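Numbering (the working numbering), first residue to last: 6 to 313. Positions of the beta carbon are idealized from the N, C-alpha and C atoms, including for glycine. As the structure is a computational prediction, the values presented were derived from the model and not from experiment. Contents: one structure, followed by commentary.
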Amino acid sequence: MIFKNIIKNILRVIIHHLNWLNADWEDKSLIFQAKNLMSSNLWREEDQNFNLASKEFRVYSQWGDDGIIQYLIHTLNIENKKFIEFGVGNYFESNTHFLLVNNNWSGFIIDGSKKCMDIVINNPFFWRYDLNLKTAFIDKENINDLLEYSNFSNIGLLHIDLDGNDYWILDSLDMDKYNPDILILEYNSNFGPDRKITVPYDPLFSCIDAHFSGQYFGASLSALEELAEEKGYYFIGCNSAGNNAYFLKNKFKSIIGPKTVKKGFVSGKYRDDRDINGELIFSSRESCINSIRGLPVFNIKTSKIEDF
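This is the structure in structure tokens:
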């Protein structure tokens, strides 16, 4: 029985790997539909209240971020057509995949999984685009050295999605050098809109290892907004899924105005919490929040550890 289970697990991994290799990384029908949508006046028109959700559509992004990003680069007329994204998994379902194949931007991606990065390298689409990658587990001591491999400076977009030390990595990043026009940060909506908190720094942080639920990670939107402001960025809103926050360089304020965290915060709608055995249990957001009550968080205002 044990041997059969081992064989089943091996076959499951092989099939999963082959499925990603056979997936359509340049889905022409989806790209064509997206182009039609983007050519419409309704999608292009400026929204006085600027609701990011009204610009959403999905080609390769996990949620509607493909549409938000396309709207921003069109409206802001971004000239530096380069992006950096870390925490991409196998890159198929990422926020810069469509930017790569639709707009032909140059990109640099990082992920800690060699298996995931091998899927990208071994895919036929890889040679057709100016995409470089690095396999590495990111911490605040190595982030700037890792980004040297990109040979980039003054980029158009930076996306940080690490499910862990996101706040600490942003704090350590040489933003003067990379100077992204658009900054996308994953936030943990479980932490709510008010408290300025993050998980304490641990260079080996893993959200599943930190708590079986997978709900204890990252930083609150308020904490990220304050840090982004210190680095010359302002908040414009979140995606409708409630996991990605958007920031722009201050020079764009006359084009798209800022939002307060109170007005722009979106609570997560997805149900990805797990039980002690690692199985998805599809709990409510309130249950997700309660599952991590009492765990330590770092208050960036007091610089002290406190209970969530």
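Task: Neighbour-count burial assignment, residue 60, 16 or more Cβ in a 10 Å radius - done: Its Cβ being crowded by 16 or more others within 10 Å, residue 60 is buried.
Task: Straight-line gap, residue 178 to residue 153 (C-alpha atoms, nearest Å) - done: One C-alpha to the other measures close to 12 Å.
TODO: Note down the Cα distance separating residue 55 from residue 66, rounded to an integer number of angstroms.
DONE: Rounded to whole angstroms, residue 55 to residue 66 spans 21 Å at the Cα level.
Open item on the list: Rounded to whole angstroms, what is the Cα-Cα separation between residue 135 and residue 111?
Closed with: The straight-line gap from Cα to Cα measures roughly 5 Å.
Task: 8 Å CB neighbourhood of residue 260 in its chain, flanking five on each side removed - done: When the five nearest sequence neighbours on each side are left out, the beta carbons in the same chain lying within less than 8 Å of the beta carbon of residue 260 are those of 80 and 81, in order along the chain.
- [ ] Could you tell me the boundaries of the beta strand (DSSP E) in which residue 189 lies?
- [x] Element bounds for residue 189: 187 to 191.
TODO: Within 10 angstroms of the Cβ of residue 230, are there 16 or more other Cβ atoms? Answer buried if so, exposed if not.
DONE: When all chains shown are included, residue 230 counts as buried.
TODO: Check whether the stretch 96 to 111 touches the stretch 279 to 287, taking contact to mean three or more Cβ pairs, one atom from each stretch, closer than 8 Å.
DONE: No, the stretch 96 to 111 is not in contact with the stretch 279 to 287.
Open item on the list: Is the separation between the beta-carbon of residue 203 and that of residue 271 shorter than 8 Å?
Closed with: Annotated as distal: residue 203 and residue 271, with beta-carbon spacing of 8 Å or more.
- [ ] Enumerate in chain order the residues of its own chain whose CB-to-CB distance from residue 64 is below 6 Å, with the five nearest sequence positions on each side excluded.
- [x] So the qualifying residues of the chain are 35, 39, 71 and 103.
TODO: On the DSSP bridge assignment, give the partners of residue 164 in chain order.
DONE: Residue pairing by DSSP puts residue 164 in a beta bridge opposite 90 and 189.
Task: Whether residue 115 touches residue 91 by CB criterion (8 Å) - done: Yes, Cβ-Cβ distance for residue 115 and residue 91 is below 8 Å.
TODO: With hydrogens ignored, establish whether the beta-carbon of residue 79 is closer than 7 Å to any heavy atom of the ligand HEM.
DONE: The ligand HEM is absent from the structure shown, which contains no ligand whatsoever.
Task: Residue interval of the alpha helix (DSSP H) (run including residue 37) - done: Taken as a continuous stretch (DSSP letters only), the alpha helix (DSSP H) holding residue 37 covers 33 to 43.
- [ ] Identify which residue in 237, 140, 267 and 266 has its Cα closest to the Cα of residue 253.
- [x] With distances taken between Cα atoms, residue 253 lies closest to 237.
Task: For residue 164 and residue 213, the rounded distance between their alpha carbons - done: Between residue 213 and residue 164, the C-alpha separation is close to 22 Å.
Open item on the list: With DSSP as the reference, identify every bridge partner of residue 82, one or two as the case may be.
Closed with: For residue 82, which the question treats as bridged, DSSP gives no partner whatsoever.
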